[in-house]
Amino acid sequence: MGDYALEAIDIHKSYGDHKVLKGIDLNVKWGEVISIIGPSGSGKTTFIRTLNGLESLNKGTVNLMGKPFLKDQTLTENSSAYKEQIIHVGMVFQSFNLFPHKTVLENVMLAPEYHGMNDKGINQLTAIAMLDKVGMKLHANKYPHQLSGGQQQRVAIARALAMQPSIILFDEPTSALDPELVNEVLKVMEQLAKEGLTMIIVTHEMNFAFKISDRVIFMEDGHIVEQGSPNELEHSQNERFKQFIRKH
Ligand code: ADP
């Protein structure tokens, strides 16, 4: 299975001439919970989207469970290594991305669109168990538009869990929610963190990040500028990091 759930080595990404990721290294241990924080535009979302091939890499390597997954232009989202392994990576998006014309249960039973394997569904009992886990079992027969944003996001988390992933990437999972709905989603995520799920979370929720993470990563301008456990970061000497925390 490899020493690490995921290894990202020297990740570079540009859009045209605009360099967004300038050489990022990140090793994620099994069961580790990592939050990525930093100013808007620093590349956080781009980074986690390169980890599962939603954005192509210009340069760098991603290994998953000790196996090659993505690399430069040679191992891409079209390669068989990618197609075999993408199923092990769950993703939760800011905008939920549920199928509007499917029920909650059907949404969880379908593999997410980006896995590119919609013919392979999830067993119904598994789907219901996952809905139960996020407190949404009683809503199984509703449609997304009948749910609040917080409820939709919990369904999206159940859908990611139903794939039994090795790691789940969360891309600003509460940023699209009304403030009063944020906590119900964070509570579910906190529970998953306690259960030992391997998670990488891009978030603006600082208290949450420092409460549940094993490691917090501070990104700025396409680099990891500071990182450490919440305790270690209390004593950070990094001025950019300290300034960012003071403002948030
Ligand atoms: P963050 O998540 O830290 O706010 P992003 O990764 O969303 O930052 O964006 C980093 C930079 O990349 C921004 O300047 C943004 O405008 C640019 N960017 C992101 N996605 C694209 C895209 N698809 N095309 C062009 N530029 C993009």
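Numbering (numbering that gives the first Met the number 0), first residue to last: 0 to 247.
Every residue gets a Cβ at the ideal spot worked out from N, C-alpha and C, and that includes glycine.
- For the 8 Å CB-CB criterion, serine 174 and histidine 203 form a contact.
- Where phenylalanine 207 is concerned, the enclosing alpha helix (DSSP H) starts and stops at 205–211.
- Checking the 7 Å criterion, the Cβ of histidine 17 is within range of a heavy atom belonging to ligand 1.
- Residue Phe169 holds the alpha-carbon nearest to the alpha-carbon of isoleucine 200 among Lys186, Ala128 and Phe169.
- When the beta-carbon positions are compared, glutamine 152 and leucine 130 stay at least 8 Å from each other.
- Nearest Cα to glutamine 163 within the set Glu171, Trp29, Ile121 and Val103: Ile121.
- Annotated three-state conformation of threonine 60 is strand, per DSSP.
- Apart from the 5 residues on each side of it in sequence, valine 184 sits with its Cβ closer than 8 Å to the Cβ of Gly149, Gln152, Arg153, Ile156, Pro172, Thr173 and Leu176 in its chain, given in chain order.
- Lysine 43 has its Cβ nearer than 7 Å to a heavy atom of ligand 1.
- In this structure glycine 59 is not in contact with threonine 197, their Cβ atoms being roughly 20 Å apart against a cut-off of 8 Å.
- With fewer than 16 other Cβ atoms from the protein chains shown falling within 10 Å of its own Cβ, tyrosine 14 counts as exposed.
- Nearest neighbour of aspartate 71 by Cα position, chosen from Gln145, Leu56, Ile216 and Ile35, turns out to be Leu56.
- Less than 8 Å divides the Cβ of glycine 89 from the Cβ of leucine 160.
- Using a 10 angstroms sphere on the CB of glutamate 231, the tally of other CB atoms stays under 16, which defines it as exposed.
- By the Cβ neighbour-count rule, methionine 188 is buried, with 16 or more other Cβ atoms within 10 Å of its own.
- Closest option to glutamine 123, judged by alpha-carbon separation, among Thr73, Tyr142 and Thr102: Thr102.
- For secondary structure counted as the alpha helix (DSSP H) over 4 or more consecutive residues, the region 132–200 holds these complete runs in sequence order: 148–161 and 178–194.
- Scanning Ile23, Leu109, Lys12 and Asp2 for the CA closest to the CA of lysine 66 turns up Asp2.
- Looking from the CA of phenylalanine 95, the closest CA among Met218, Asp16, His87 and Val107 belongs to Val107.
- Closest by C-alpha distance to serine 147, out of Glu179, Ser165, Gly40 and Gly42, is Glu179.
- The beta carbon of valine 19 sits closer than 7 Å to the beta carbons of Lys12, Ser13, Gly42, Thr45 and Gly221 from its chain, once the five residues preceding and following it are set aside; these are given in chain order.
- Residue side-chain check: valine 224 keeps its Cβ at 7 Å or more from all non-hydrogen atoms of ligand 1.
- Between isoleucine 223 and the set Pro143, Asp213, Glu6 and Gly37, the nearest pair of CA atoms involves Gly37.
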